[in-house]
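Each remark here refers to the structure printed beneath this line.
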Amino acid sequence: GFIMDEDSKPLLGSVRAGEYYTDSLDPKQRRPFHVEPRNIVGDAQEQVSAEAAALSSRVHYYGRLTASSDRLLVPPDHVIPSPEDIYVYSPLGTAFKVQGGDSTAKNPSIVTVFAIWNTMMGTSILSMPWGIKQAGFTLGIIIIVLMGLLTLYCCYRVLKSTKSIPYVDTSDWEFPDVCKYYFGGFGKWSSLVFSLVSLIGAMVVYWVLMSNFLFNTGKFIYSELICPYPNLDPDGDSSTHQYYVSENSTGQVFDLWWSKTNTIPLYLIVLLLPLLNFRSASFFARFTFLGTLSVVYLIFLVTYKAIRLGFHLDFHWFDSSMFFVPEFRSLFPQLSGVLTLAFFIHNCIITLMKNNRHQENNVRDLSLAYLLVGLTYLYVGVLIFAAFPSPPLSKECIEPNFLDNFPSSDVLVFVARACLLFQMTTVYPLLGYLVRVQLMGQLFGDHYPGFLHVFILNILVVGAGVLMARFYPNIGSIIRYSGALCGLALVFVLPSLIHLTSLNRRGELRWPSAVFHGFLVLLGVANLFGQFFM
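The working numbering applies: residue 40 is where the sequence shown begins, and numbers increase by one.
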């Protein structure tokens, strides 16, 4: 019945010029079939030219072969039209386009290391000083180092997971495919769901931050340029007081219409909702270098402020004083939750590493990238925490987004906010595109099933962002909840279980390994529960 069924289908149904025709070659590998407008002869009956028909029947022919002998007779690349753009992303970092295929130039190690650094580094860097404050200074530094090592090990496990599968060509597999191989449909769906959680969590954080940056940028422009108020600081030396967030009297009408929680999250809809509905995201992928620029500028800003302010530290091991927090605090799971997302690149590390020229150096390059990211987080977190002027202010005043501790009139911080605002405006549609590809690709087998489907999905995602920015704009908490939730599955549980399962199938499972990986699973669970009970 299978072949009859296949035969009764038209080769190319009604394929209009420039639309996709997705022929499922095999469930794992769907690529859009694109009929060039010049291939279409006559418009009355929408007949298909000989060239397109031949290509289509060839694809069908390989499709039949593939159905019988799973991966061995996959159509060669010259038969299949080029694949969808592949994007690599870390939820709070950036996302960028990977040039697929084997023909492309392989990257030297230094390029790979910086690609990982650039992808992983992101907005979670703004929460590091707050995280260190929640855990205590000493414990905070220890936790950043330990979480870096743990997530690195789990990432190494993900990277190695495709190598341990025998008799199967895993060259174009991603982590969900590995989960599917070991745990069937459940594995694939769970990895997909948690990866969506991390993405939507990131999009919500972006909405909150963009509202914040737009608010402060607009306030700066209004109060400094359009309607400046007299300088209240005759000496011009405001270095000691620059942490006091002075509420400049910008005028009541302005404050009514330019409100961080009441109006601006709604203004952003006008800017961002149209950008989410583009069919392809390749335009936004060109701006990924902005991520690197804004992180470099943040490092400069942090260094400059620390030099201006000096260090203000006072050590108490377990008790709070008026201006200082203890070195060890019971709130430390809040930092480990944030770090799970800050060090999260497990969903795309396999793709990132494919383009490395010397595959034998993969582990070294991955470790170097993690070292760089960990050092960047430590640098920003420690310097801002140490330089925070206590007294007069308590360290408890450090905000989940440390830029909030500077007034909107600070010029250097204004530049940082403006850069980040522009960078996030370009990354947000990319993240939206990834949510759409993952969700629509699984549900409908097509990345763009129709304008209405996509529009409804985008309304839901944007609505989540608006509600959070309106009622609960604490990015530290949003990051730690979504980090601990998606980290539970994608960082701790799935990589460990896959490793144990593959050892068990080869009969190489020993006690030390079982105990260690069981401990990792427990850590992931404890990390999630700690978010609710600490």
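C-beta: ideal position from N, C-alpha, C; glycine also. Since the model is a prediction, treat every value here as computed from it, not as a measurement.
### Runs of alpha helix (DSSP H) wholly within the region 349 to 409 (minimum 4 residues, chain order)
371 to 381 and 388 to 393
### With 16 other Cβ atoms within 10 Å as the buried cut-off, status of residue 487
What you label residue 487 is simply residue 448 of the sequence shown in a count that begins at 1. Looking at its Cβ environment, which holds 16 or more other Cβ atoms inside 10 Å, residue 487 is buried.
### Task
Could you check which residue in 452, 213 and 505 has the C-alpha nearest to that of residue 393?
On the sequence shown, position 354 is the one that residue 393 refers to. Taking only the C-alpha atoms, the option nearest residue 393 is 213.
### Message
Distance check for residue 164 and residue 442, CA to CA, integer angstroms please.
### Response
Against the sequence shown, residue 442 aligns to sequence position 403. Against the sequence shown, residue 164 aligns to sequence position 125. Rounded to whole angstroms, residue 442 to residue 164 spans 11 angstroms at the Cα level.
### Task
Report yes if the C-beta distance between residue 375 and residue 239 is below 8 angstroms; otherwise report no.
The sequence position of residue 375 within the sequence shown is 336, counting from 1. The sequence position of residue 239 within the sequence shown is 200, counting from 1. No, the Cβ-Cβ distance between residue 375 and residue 239 is not below 8 angstroms.
### Query
Do residue 389 and residue 201 come within 8 angstroms of each other at the CB atom, strictly closer than that value?
On the sequence shown, position 162 is the one that residue 201 refers to. On the sequence shown, position 350 is the one that residue 389 refers to. Result yes, Cβ atoms of residue 201 and residue 389 sit closer than 8 angstroms.
### Task
Would you mind giving the Cβ-Cβ distance between residue 425 and residue 155, rounded to the nearest angstrom? I have them listed as a contact below 8 angstroms.
Stepping through the sequence shown from its first residue, residue 425 is reached at position 386. Stepping through the sequence shown from its first residue, residue 155 is reached at position 116. Actually they are not in contact, since the Cβ atoms of residue 425 and residue 155 sit about 28 angstroms apart, beyond 8 angstroms.
### Query
Cβ atoms of residue 243 and residue 162: under 8 angstroms apart, would you say?
Counted from its first residue, the sequence shown places residue 162 at position 123. Counted from its first residue, the sequence shown places residue 243 at position 204. No. Outside cutoff.
#### Entry: Extent of the continuous beta strand (DSSP E) run through residue 225
Along the sequence shown, one-based indexing puts residue 225 at 186. Here residue 225 belongs to no beta strand (DSSP E); instead the alpha helix (DSSP H) covers 214 to 259.
#### Entry: CA-to-CA distance, residue 218 to residue 542, given in whole angstroms
Along the sequence shown, one-based indexing puts residue 542 at 503. Along the sequence shown, one-based indexing puts residue 218 at 179. The straight-line gap from Cα to Cα measures roughly 15 angstroms.
### Task
Would you check if the region 469 to 489 and the region 257 to 265 touch, i.e. whether three or more CB-CB distances between them fall below 8 angstroms?
no
### Inter-residue CB distance, residue 573 and residue 369 (contact presumed, cutoff 8 angstroms)
For the purposes of this step, residue 573 is taken as the residue at position 534 of the sequence shown. For the purposes of this step, residue 369 is taken as the residue at position 330 of the sequence shown. Indeed they touch by this definition, with Cβ atoms about 6 angstroms apart.
### Start and end residues, alpha helix (DSSP H) containing residue 181
By 1-based counting over the sequence shown, the position of residue 181 is 142. Note, residue 181: alpha helix (DSSP H), 176 to 200.
#### Entry: Euclidean distance between Cα positions of residue 333 and residue 166
The residue labelled residue 333 in the question sits at position 294 within the sequence shown. The residue labelled residue 166 in the question sits at position 127 within the sequence shown. If you take the alpha carbons of residue 333 and residue 166, they lie about 15 angstroms apart.
### Query
Does the Cβ of residue 384 have 16 or more other Cβ atoms within 10 Å, making it buried, or fewer, making it exposed?
Position 345 of the sequence shown holds residue 384. Residue 384 should be labelled buried.
### Task
Please state if the CB of residue 303 and the CB of residue 254 are separated by a distance shorter than 8 angstroms.
The sequence position of residue 254 within the sequence shown is 215, counting from 1. The sequence position of residue 303 within the sequence shown is 264, counting from 1. For residue 254 and residue 303, yes; Cβs fall inside 8 angstroms.
### Message
Whole angstroms are fine: how far does the CA of residue 223 sit from the CA of residue 203?
### Response
On the sequence shown, position 164 is the one that residue 203 refers to. On the sequence shown, position 184 is the one that residue 223 refers to. Taking the straight line from one Cα to the other gives about 17 angstroms.
### Query
Taking C-alpha atoms, which residue in 341, 493 and 560 lies nearest to residue 427?
What you label residue 427 is simply residue 388 of the sequence shown in a count that begins at 1. The shortest Cα separation from residue 427 among 341, 493 and 560 belongs to 341.
### Cβ neighbour criterion (16 or more within 10 Å) applied to residue 128
Mapped onto the sequence shown, residue 128 falls at position 89. Label assigned to residue 128: buried.
### Task
Just the C-alpha distance for residue 205 and residue 535, rounded to the nearest angstrom, thanks.
Taking the first residue of the sequence shown as position 1, residue 205 is located at position 166. Taking the first residue of the sequence shown as position 1, residue 535 is located at position 496. Each residue's Cα considered, the two are about 19 angstroms apart.
### Query
What is the rounded straight-line gap between the Cα of residue 215 and the Cα of residue 230?
Here residue 215 refers to the residue found at position 176 when the sequence shown is read from its first residue. Here residue 230 refers to the residue found at position 191 when the sequence shown is read from its first residue. Looking at the two C-alpha atoms, the distance is approximately 6 angstroms.
### Message
Let me confirm a value: residue 175 is counted as buried when at least 16 other C-beta atoms fall within 10 Å, else exposed. Which label applies?
### Response
Reading the sequence shown from its first residue, position 136 is the one you call residue 175. So residue 175 counts as buried.
### Query
With respect to the alpha helix (DSSP H) encompassing residue 309, which residues constitute its N-terminal and C-terminal limits?
The sequence position of residue 309 within the sequence shown is 270, counting from 1. Note, residue 309: alpha helix (DSSP H), 303 to 315.
### Query
Three-state secondary structure (DSSP) at residue 437?
On the sequence shown, residue 437 is found 398 positions in, with the first residue counted as 1. Here residue 437 sits in coil by DSSP.
### Query
Which same chain residues, not among the five before or five after residue 514, have their C-beta less than 8 angstroms away from its C-beta?
As a first step, residue 514 must be located in the sequence shown, where it is residue number 475. Closer than 8 angstroms at the Cβ level, and outside the excluded window around residue 514, lie 162, 165, 166, 244, 247, 248, 439 and 440.
### Message
Cutting at 6 angstroms between CB atoms, please list the residues of its own chain near residue 329, excluding the five before and the five after it.
### Response
Working through the sequence shown from its first residue, we reach residue 329 at position 290. Only 462 meet the Cβ criterion.
### Query
Could you give the C-beta distance for residue 299 and residue 250, rounded to a whole number, given that I count them as a contact under 8 angstroms?
Along the sequence shown, read from residue 1 onward, the residue named residue 299 stands at position 260. Along the sequence shown, read from residue 1 onward, the residue named residue 250 stands at position 211. Yes, residue 299 and residue 250 are in contact; Cβ-Cβ is about 6 angstroms, under 8 angstroms.
### Task
Could you pull the start and end residues of the alpha helix (DSSP H) that residue 134 belongs to?
Here residue 134 is taken as the residue at index 95 of the sequence shown, counted from 1. Counting along the chain, residue 134 falls outside any alpha helix (DSSP H), though it belongs to the beta strand (DSSP E) covering 134 to 137.
### Task
Just mark residue 429 as buried or exposed, buried being the case when its beta carbon has 16 or more other beta carbons within 10 Å.
Position 390 of the sequence shown holds residue 429. That one is buried.
### Task
Please report how far the alpha carbon of residue 549 lies from the alpha carbon of residue 537, in whole angstroms.
Here residue 549 is taken as the residue at index 510 of the sequence shown, counted from 1. Here residue 537 is taken as the residue at index 498 of the sequence shown, counted from 1. Their backbone Cα atoms lie some 15 angstroms apart in a straight line.
### Query
Just reading off the alpha helix (DSSP H) that residue 127 is part of, what are its end residues?
By one-based count along the sequence shown, residue 127 stands at place 88. That residue, residue 127, is in no alpha helix (DSSP H); its beta strand (DSSP E) goes 125 to 128.
### Message
I'd like to know whether the C-beta atoms of residue 324 and residue 483 end up nearer to each other than 8 angstroms.
### Response
Reading the sequence shown from its first residue, position 285 is the one you call residue 324. Reading the sequence shown from its first residue, position 444 is the one you call residue 483. No, the Cβ-Cβ distance between residue 324 and residue 483 is not below 8 angstroms.
### Query
Got a sec? Which residues, its chain only, sit under 6 angstroms from residue 540 by beta carbon, not counting five neighbours each side?
Taking the first residue of the sequence shown as position 1, residue 540 is located at position 501. Cβ within range, chain order: 221.
### Task
Consult DSSP for residue 157 and reduce its assignment to one of helix, strand or coil.
As a working note, residue 157 is residue 118 in the sequence shown. Here residue 157 sits in helix by DSSP.
### When 309, 379, 365 and 211 are compared against residue 192, the one with the closest alpha-carbon
Here residue 192 refers to the residue found at position 153 when the sequence shown is read from its first residue. Out of 309, 379, 365 and 211, 379 has the C-alpha closest to the C-alpha of residue 192.
### Query
Is the beta carbon of residue 566 sitting closer than 8 angstroms to the one on residue 372?
Reading the sequence shown from its first residue, position 527 is the one you call residue 566. Reading the sequence shown from its first residue, position 333 is the one you call residue 372. Yes, these two residues count as a Cβ contact at 8 angstroms.
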